[in-house]
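Numbered according to the numbering used here, the sequence shown spans residues 8 to 297.
Backbone N, C-alpha and C fix where the C-beta goes; we use that ideal spot for every residue, glycine too.
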Amino acid sequence: MWLFRQSGAVLERSAHRMALLDVQLLDSLPAVLALLDPVSLAAARQSCTGLSSQGCSEELWERHCLARYWRLKSCGPAVQVTTWRCLYSEFSKLTSEERWEAEWTGGGFEAISESEWFAGSPVPRTNRSSEVRFSVGQVILNRSGPYRGVVAGWDEITKVPKGWPSLRRDRQPWLSKPHYSILVHGGGSTYIVDDNSELDRVPGEVSHPSVQQLFLRFNGQVYEPSEALRSAYPEDDALGPLLARRFCNACGAEGAKFDCGICRVVRYCSQECQQQAWLQHQHVCRPARA
């Protein structure tokens, strides 16, 4: 009985790891309890109640489904489930190819029109999902390229033709993951997920023929979007995350304390860093708006 109590306590503290176990574990609890004598049953009752309660939590199963990019809205219809726990149970039984096909069908990807492909839809992106990491106008680095570029648009889900090469490669679970339209420095463009990408800590201007069409100017940290682009992405805040992390505009270190006295947009660790960056920054520095 002591061993059971100890095991129950460990299981209860580890309930958040339930997705690593088979979903049927929870369904088997009644049968397990039925084998216990009254004394052991009384000792196990509290631990098992907590375990069952936490293990059945939709919030728990949602977290583990999303960690695998399985979204109830797009994946559920094809396997006819309406709860996160059931989605985990059903999708765990499928191969990667079967999951991909189920999501493509259930998520209505076939119905996406050509005009919407590659972040081309003019419909405003309202109710921005917390899964969207980057904002229009931010300069990013992609380590797998490697390349850097400016974010010119994004979609909360993949919007490409079904035969698009990146969708065929190993059937990665990326259909319902945010995708970004990137103008690559030096010309060219791409449409990517955020894997292997991060904000450029020391952003520089991006050389691309479409930059002047989509953006007003580069302010030293981000590109300021045109009115049309701002209307399409009304909830984007390109500058906010950079200001919050206070990257030095010379060395890229986090926690820079000193603002540029003119534009108040870029920050520096020290006077030495400011002097080092001024040769480049002077070309984009503008007085701060009152």
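Three or more C-beta pairs under 8 angstroms: does that hold for the stretch 165-173 against the stretch 144-157? These segments do not touch.
Grab the span of the beta strand (DSSP E) containing R155 for me, first residue to last. Taking the first residue of the sequence shown as position 1, residue 155 is located at position 148. Unbroken beta strand (DSSP E) run through R155: 154-162.
Beta-carbon contacts of G144 that lie in its chain and below 6 angstroms, excluding the five residues immediately before and after: Position 137 of the sequence shown, counted from the first residue, corresponds to residue 144. Only V229, Y230, P232, A245 meet the Cβ criterion.
Could you check which residue in G170, S136, A126, W91 has the C-alpha nearest to that of L67? As a position in the sequence shown, residue 67 is number 60, starting the count at 1. For L67, the closest alpha carbon among the candidates G170, S136, A126, W91 is that of W91.
In whole angstroms, what separates the C-alpha of Y76 from that of T89? The residue you call residue 76 lines up with position 69 of the sequence shown. The residue you call residue 89 lines up with position 82 of the sequence shown. Cα-Cα distance, rounded: 16 angstroms.
Of the choices L286, K100, C267, L223, whose alpha-carbon is the least far from that of P294? One-based indexing of the sequence shown puts residue 294 at position 287. Answer by Cα proximity: C267.
My guess is that F116 and L182 are in contact by the Cβ rule of under 8 angstroms, so how many angstroms apart are they, rounded? Counting from one through the sequence shown, the residue named residue 116 turns up at place 109. Counting from one through the sequence shown, the residue named residue 182 turns up at place 175. Rounded, the Cβ-Cβ distance is 6 angstroms, consistent with contact.
Using 8 angstroms as the threshold, is the C-beta distance between A257 and Q278 below it? What you label residue 257 is simply residue 250 of the sequence shown in a count that begins at 1. What you label residue 278 is simply residue 271 of the sequence shown in a count that begins at 1. Not a contact, by the Cβ cut-off of 8 angstroms.
Could you tell me the alpha carbon to alpha carbon distance between E97 and S217, rounded to whole angstroms? Locating residue 97 in the sequence shown gives position 90, where the first residue counts as 1. Locating residue 217 in the sequence shown gives position 210, where the first residue counts as 1. Rounded to whole angstroms, E97 to S217 spans 45 angstroms at the Cα level.
Considering only the beta carbon of each residue, do F371 and Y187 sit closer than 8 angstroms? Residue 371 lies beyond the range of the chain shown here (8 to 297); nothing can be said about it.
Reduced DSSP category for R274 - H, G, I as helix; E, B as strand; rest coil: Here the question's residue 274 lines up with position 267 in the sequence shown. Note: R274 maps to strand in three-state DSSP.
Under the DSSP definition of a beta bridge, which residues are partnered with T197? One-based indexing of the sequence shown puts residue 197 at position 190. DSSP output for T197 lists I189 as bridge partner(s).
DSSP three-state assignment for R175, whether helix, strand or coil: In the sequence shown, counting from the first residue as 1, residue 175 sits at position 168. DSSP places R175 in helix when its eight states are reduced to three.
Using only alpha-carbon positions, find the residue among L250, H290, R155 that is nearest to G194. To locate residue 194, count along the sequence shown from 1; it is residue 187. Distances from the alpha-carbon of G194 to those of L250, H290, R155 put R155 closest.
Thinking C-alpha only, which one of S122, G227, W107 is nearest L286? To locate residue 286, count along the sequence shown from 1; it is residue 279. Looking only at S122, G227, W107, the smallest Cα-Cα distance to L286 is reached by G227.
Of the residues Q87, R274, D201, the one placed nearest G113, counting alpha carbons only: Mapped onto the sequence shown, residue 113 falls at position 106. The shortest C-alpha separation from G113 is found at Q87.
CB C292 to CB C270, shorter than 8 angstroms? Along the sequence shown, one-based indexing puts residue 292 at 285. Along the sequence shown, one-based indexing puts residue 270 at 263. At a Cβ-Cβ threshold of 8 angstroms, C292 and C270 count as neighbours.
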